[in-house]
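Chains as they are written, first to last, in the numbering used here: chain L, 5 to 506; chain U, 5 to 506. Everything below concerns the one structure shown next.
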């Protein structure tokens, strides 16, 4: 038959075959395209991690810089894709990724190209005070990156430098918005103008930001006042007298505890509204905004359902309180949607959504133009963001779209979750409260106690998987968006090997 | 004679001539070496600045990003050395430099090389969580840059992301230090561990940071509580009930008011100590630290003498209060010393010195190892700085040393000051309270009123000089470290032309 084909049909078939092959490569492995030399499994060369070189370098660094939280000293030159290399030459499958930050994998070729571009060079060496002297291309950089990635219903952004900074600038926007509403068309009073210089009311606000038990929103003074994850984060630092509300404690597996969990979420919503109605809804002592994470990550990967979040949205709207969703850790694809709060299908979008980590660029999205204060120089600082990070974010977002990485992450997440479910059935004490189903690779579980959790983390590392904990007894997975089934298989195998030992 | 020379002596002479020529080029103009094509004077192509392209781009950007503080949209590709280009092609002599931030000039060749280096690429695309997974080269990057530049008596650094962030992490270090001292060898109490989760004492500190009237230390919640420059920066934002002390209001010319100024500084020191003794020295309500700028820049370029700063140091030592010097705007050479507080010749160095702007890299220096909290994860966050900015800082510092830019800035500053003094004699109402003598190019003066100040700024821009104000009626100079006599001559000429009109 082949010999009877016309040249044209042959060429068509070849092209079609090639297309199928390319598609199947694309479907099969974006990681293989990006990283043809990615290790196929962890490669261990020292008996312990950190090895001797890591330890020596870290000791030297420690004389100048507080590095007592160091896992190991990393060799980024020899890291690739989903594998991080350490100073000793060990190559570990990384499912922690700089605390949930590496979006595409180490030494991604598209990011190399962006880093070497002239656009990046100018952004780095002529760093602008963005709100005073924006560059001719800043709008385009935002349009093609950070703004193209904006959550549904949001078309504006205020850029900043970190998750804490993003949250605090969002808080400032909330306070200024609420006071502008109270003030109406009036000007600042003389009393406001003088009292504020002495840090006193009425010029200084007595309103508050409400956050949730176990929430984490950063470590600067305003954000730390809303952080409720661990005492060690907060001890000895002055804090604003702002309220906290309970966050649901769900029981797992969800299908078994549907009714109980629903009641728990109802209870939390009722307490939330009671707090608002009791102490915090009388000017000048009202709640300007609430801030909530789609998953309380640092606090232990605590999930809640759409019912709870829709309830928060309804109650905030009812009481004219703004709703800030903190997507610093959940944002940019890992949940199987670009923004985790898209899972909720809210009837009204949140007022602000903050981001950082996977984009490097940080800030908050919003749509209501009144969240931009009426006067200039109120939401303002020298940098107002960083174009070099906005270029990184743009590049990451374009790669995500090009390679359909959010859907791929949803798929591999489902695969991984089913495998972990089987492990949990086999080792129930090692994999308690497995959570994150249908939530991409944003998966976590509890260990039996803090000792078992820490032992598990260390043993995983010794077997070549870099993995992180959260809360008191949880393990959280935070792989890249190019984490695939082949990586999941290795992870699951290591987790099973460790489960046998712990 | 030439023909009688041996080849060797000819070569020696040629080499020697070349050396002399190179030295004289070096002495004459680092700017000419860096920027052979730097404009020789402002080049204006539109009738007004911002011109039509700037206005259009800015209007488009403004739909997505709060840019109402924009002077003009800048074209960084066509900016060079001390000249900033705008979107319309105007080239302005820049003595504002991204609010005191551009150290070497636009598109500096050494920075281009650093930006294009592999070191920079890895830093950008594999951005580490520095306290958990530092890179193998982070110590070296710090050693050769940020730490090599450390002020006298300081050998440690905590890196952060902005001036506000630098100050707030320094405050956190101060609070943790003071409470550790109070606590002695005891552990955290149960009461501390629970109360802090509710933002209450005793877990949350009731201590404070004292700052000075007209001081500026940033715009996040903790730093803003110490900022006392303008009401518009602070209105409607919650603030901690922290104290402020008076900052001397010196009269000029200094030589005329020596005794009066001395009394004013004595008065401020006495009031400062009275505040400490009255309300703020009884645990748990003490002052953890004071923060002070060598020159209150944002607040109006207010100077004080070494007598005042030595007095602050003595009083803080006497009362066990830490002294933080905020060199975010004054640091990195512009004052004619690398760190402006070196002008004071303090008998004991400050406890912490914060930096950002000209280095891009931000953070605080310190030497006392007890300023590193005993427990890990207290001074901590995801990024803990940014190696890409540390590489920029390293490159800038090496260039400063190589070209002796601090001493050169001291020289050109003296030249500029003498010229401005002559202008002030001619136009006394336009150049009131000229200040910054023997302080590099960190020079400022007052206009007659706010209207005259703003008119002067606009007219300077229209004549091709980008210049900034501060305080209510002041104009501040913040040129690069490659600003030379030839640039100073242009600046002085434009200032005189404008003075004739205002």
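C-beta: ideal position from N, C-alpha, C; glycine also.
#1: Could you name the residues that DSSP lists as bridge partners for residue 295 of chain U?
#2: Would you mind reading off the limits of the beta strand (DSSP E) that contains residue 95 of chain U?
#3: Please compile the residues from chain U whose C-beta is within a distance smaller than 7 Å of the C-beta of residue 196 of chain L.
#4: Which residues bound the beta strand (DSSP E) around residue 368 of chain U?
#5: Taking 8 Å as the threshold (beta carbon to beta carbon), is residue 343 of chain U in contact with chain L?
#6: Cα-Cα, which of L/505, L/506, L/503 and L/492 is closest to residue 46 of chain L?
#7: Ordered along the chain, which non-local residues of its own chain (more than five positions away) have a Cβ less than 7 Å from that of residue 74 of chain L?
#8: Would the beta-carbon of residue 102 of chain L fall within 8 Å of that of residue 133 of chain U?
#9: Name the one or two DSSP bridge partners that residue 66 of chain L has.
#10: I believe residue 438 of chain L touches residue 430 of chain L by the beta-carbon criterion, under 8 Å. Please report the beta-carbon distance rounded to the nearest angstrom.
#11: Judging by CA-CA distance, which residue of U/172, U/450, U/383 and U/404 is the nearest neighbour of residue 301 of chain U?
#12: Given a cut-off of 8 Å, decide if residue 84 of chain U and residue 468 of chain U are closer than it, judged by their beta-carbon atoms.
#13: Below 9 Å on C-beta distance, what does residue 494 of chain U contact in chain L?
#14: Does the beta carbon of residue 278 of chain L sit closer than 8 Å to a beta carbon anywhere in chain U?
#15: Residues in the same chain with beta-carbon distance under 6 Å from residue 310 of chain L, minus the five sequence neighbours each way, listed in chain order, please.
#16: Give the secondary structure of residue 381 of chain L by DSSP, where H, G and I count as helix, E and B as strand, and everything else as coil.
#17: Taking CB distances under 8 Å as the criterion, tell me whether residue 64 of chain U reaches chain L.
#18: Spatial neighbours of residue 148 of chain U within its chain, please: C-beta separation below 6 Å, excluding the five flanking residues on both sides.
#19: Do residue 211 of chain U and residue 289 of chain U have their C-beta atoms within less than 8 Å of each other?
#20: Can you name the residues of chain L whose CB is closer than 7 Å to the CB of residue 473 of chain U?
#21: On the three-pair Cβ rule with 8 Å, is the region 186-200 of chain U touching the region 230-239 of chain L?
#22: Is residue 464 of chain L helix, strand or coil by DSSP?
#23: Considering just the uninterrupted stretch of the beta strand (DSSP E) at residue 78 of chain U, what are its terminal residues?
#24: Check whether the Cβ of residue 16 of chain L lies closer than 8 Å to any Cβ atom in chain U.
#25: Inspect the CB distances between the region 475-492 of chain U and the region 412-424 of chain U and report whether three or more fall short of 8 Å.
#26: In its own chain, which residues sit with a C-beta less than 7 Å from the C-beta of residue 264 of chain U, not counting the 5 before and 5 after it?
#27: How is residue 317 of chain U classed by DSSP in three states: helix, strand or coil?
#28: Compute the Euclidean distance between the alpha carbons of residue 25 of chain U and residue 34 of chain U, then round it to the nearest angstrom.
#29: Got a sec, what are the start and stop residues for the beta strand (DSSP E) residue 87 of chain L sits in?
#30: If you draw a straight line from the alpha carbon of residue 500 of chain L to that of residue 388 of chain U, how long is it in whole angstroms?
#31: Just confirm the distance between the C-beta atoms of residue 470 of chain U and residue 100 of chain U, as a whole number of angstroms; I'd bet it's less than 8 Å.
#32: Taking CB distances under 8 Å as the criterion, tell me whether residue 167 of chain L reaches chain U.
#33: What residues in the region 175-201 of chain U bring their beta carbon closer than 7 Å to a beta carbon of chain L?
#34: Contact criterion: CB-CB distance below 8 Å. Does residue 447 of chain U meet it with respect to chain L?
#35: My understanding is that residue 296 of chain L touches residue 216 of chain L, with C-beta atoms under 8 Å, so please give their C-beta distance in whole angstroms.
#36: Can you give me the start and stop residues for the alpha helix (DSSP H) that residue 180 of chain L sits inside?
Well, looking at it:
#1: U/328
#2: Per DSSP, residue 95 of chain U belongs to the beta strand (DSSP E) from 95-98.
#3: Under the 7 Å cutoff, chain U gives 239.
#4: Where residue 368 of chain U is concerned, the enclosing beta strand (DSSP E) stretches over 366-370.
#5: no
#6: Among L/505, L/506, L/503 and L/492, the Cα nearest to that of residue 46 of chain L belongs to L/492.
#7: 62
#8: yes
#9: Residue 66 of chain L pairs with nothing; no bridge assigned.
#10: Contact flag wrong, Cβ pair sits at about 12 Å.
#11: U/450
#12: No, these two residues do not count as a Cβ contact at 8 Å.
#13: Under the 9 Å cutoff, chain L gives no residues; its nearest Cβ is about 20 Å from residue 494 of chain U.
#14: no
#15: 348
#16: It is coil, neither helix nor strand.
#17: Interface criterion met: the Cβ of residue 64 of chain U is under 8 Å from a Cβ in chain L.
#18: 398
#19: yes
#20: Chain L residues near residue 473 of chain U: none, gap ~12 Å exceeds 7 Å.
#21: yes
#22: helix
#23: 78-84
#24: For residue 16 of chain L, the pLDDT reaches just 47, beneath the cut-off of 50, and the residue's location in the model is therefore unreliable, leaving the point undetermined.
#25: yes
#26: 255
#27: helix
#28: At residue 25 of chain U, the pLDDT of 46 sits below 50, so the modelled position is not reliable and the matter cannot be decided from this model.
#29: Note, residue 87 of chain L: beta strand (DSSP E), 87-90.
#30: Near 34 Å, if we compare the C-alpha coordinates of residue 388 of chain U and residue 500 of chain L.
#31: 5 Å
#32: yes
#33: Contact residues of the region 175-201 of chain U toward chain L are 176, 179, 180, 183, 192, 196, 197, 200 and 201 (C-beta to C-beta distance below 7 Å).
#34: no
#35: 6 Å
#36: 167-187
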